[in-house]
Structures are given as structure tokens and as C-alpha cells.
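Visitor:
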């Protein structure tokens, strides 16, 4: 029984480490614009010494990421703004993140994705059922604009980090 319990505890700890690193906070407040339902991994980064060391390598202090995101990508005051999110990633906190927005109406949107740091984040969007997946967007210390078109309600963003700790911000605006 103790081996089974140890395996279960190990799996829970691994899942927690895999999910850490994303603030999961929108870059604009709910008062600024109507926001579709969101389901995002949003636990605080792991308190391991390695993750704490990663925080020191970020180009923006963790407590300032949300403020940086407001200047890096369009926020709630932008025309057509739907939602946004920001956070940070590292090999020791979370090198992969999946964020889903379950009530985003089908349609055409303009996305802007910003990343800062010495790592590279690859972003893939898809519909919730993992149907039509986009071509990967590869971000290395830049801001990239791209189109997102969905035929059904909801959208999924998958982020994967390679390299050094890096911050990111995403914004989505409905196209007129």
C-alpha cells in the first residue's frame, strides 16, 4: 500500500509543478470588457529553490508581469478587446501551459502574443475539441500578431517553453 500511496503523491506533485508558472490573470479587468468564461491553469509558481532561482532570471519581476502585459499587448481599452492573459514559464516551474476560453463565440479574431526573456515559447491555437490546429507561432523576445478563426464556440492556447525563463502576454480582439 505504501508504494501505491507514494506513486499517487508523486503524480500529484508532478502535476503541480507542471501547472505552475502562469498568472492566469487577464491583462484587463472584467470591468473593462465583457469576458468569455475562461479556464486556465493559474497556481502560483512552485516554491522550490530551482523555481525561485528562475524568477531571478526573468526580465520582469513576477509581481510586475500583469502591468508589463498591459503595455506589451492591447488591453481592455482597445477596440474589440475580448480577453487576455499573462504569466511566466521556466523549466523548473512550468515549461508547458494550456489555457482554454470556453465561451468565446465562433468568429475571426486578431491575437497579439508577446514574450520577453532568453527562452523561446511556441504557441499553438485550436478549437476546444482539438480540431483545426494553427501553425505554431514561435516567439523569441518579440511581439507577434496573428489571426485566430474558430468555427465553434471556444478556443485553446497551448504554450511550450524551450530555454531560459520567459514572460508572456496574450491579447485577443474581435475583428470588425
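In the working numbering, the protein residues as written are 711 to 886. Quick reminder that beta carbons are idealized off the backbone N, C-alpha and C, glycines included.
Excluding sequence positions up to five away, which residues of its chain have a Cβ less than 6 Å from the Cβ of residue 746?
Guide: With a pLDDT of 45 at residue 746, under the threshold of 50, the modelled position of that residue is not reliable, and the figure given next carries that caveat. Excluding residues within five positions, the ones whose Cβ falls inside 6 Å are 811, 813 and 814.
Visitor: Just list the residues that DSSP pairs residue 882 with in beta bridges.
Guide: 793 and 821
Visitor: Anyone know if the C-beta pair for residue 882 and residue 858 falls short of 8 Å?
Guide: yes
Visitor: Measuring alpha carbon to alpha carbon, tell me which of 760, 860, 851 and 775 ends up nearest residue 804.
Guide: 760
Visitor: Roughly how many angstroms lie between the CA atoms of residue 808 and residue 866, to the nearest whole one?
Guide: 7 Å
Visitor: Report the CB separation of residue 827 from residue 783 in whole angstroms; it is logged as a contact under 8 Å.
Guide: In fact, because the Cβ distance is near 16 Å, the residues do not count as touching under 8 Å.
Visitor: Among 864, 860, 800 and 850, which one has its Cα closest to the Cα of residue 768?
Guide: 800
Visitor: Three-state secondary structure (DSSP) at residue 827?
Guide: strand
Visitor: Can you grab the Cα-Cα spacing for the pair residue 886 / residue 788, in whole Å?
Guide: 13 Å
Visitor: Buried or exposed for residue 732, going by 16 or more other Cβ atoms inside 10 Å?
Guide: A caution first: residue 732 carries a pLDDT of 40, below 50, which makes its placement in the model unreliable, though a value can still be read off. Residue environment analysis places residue 732 among the buried positions, since at least 16 neighbouring C-beta atoms fall within 10 angstroms of its C-beta.
Visitor: Between residue 806 and residue 870, how many whole angstroms is the CB-CB distance? I'm expecting something under 8 Å.
Guide: 5 Å
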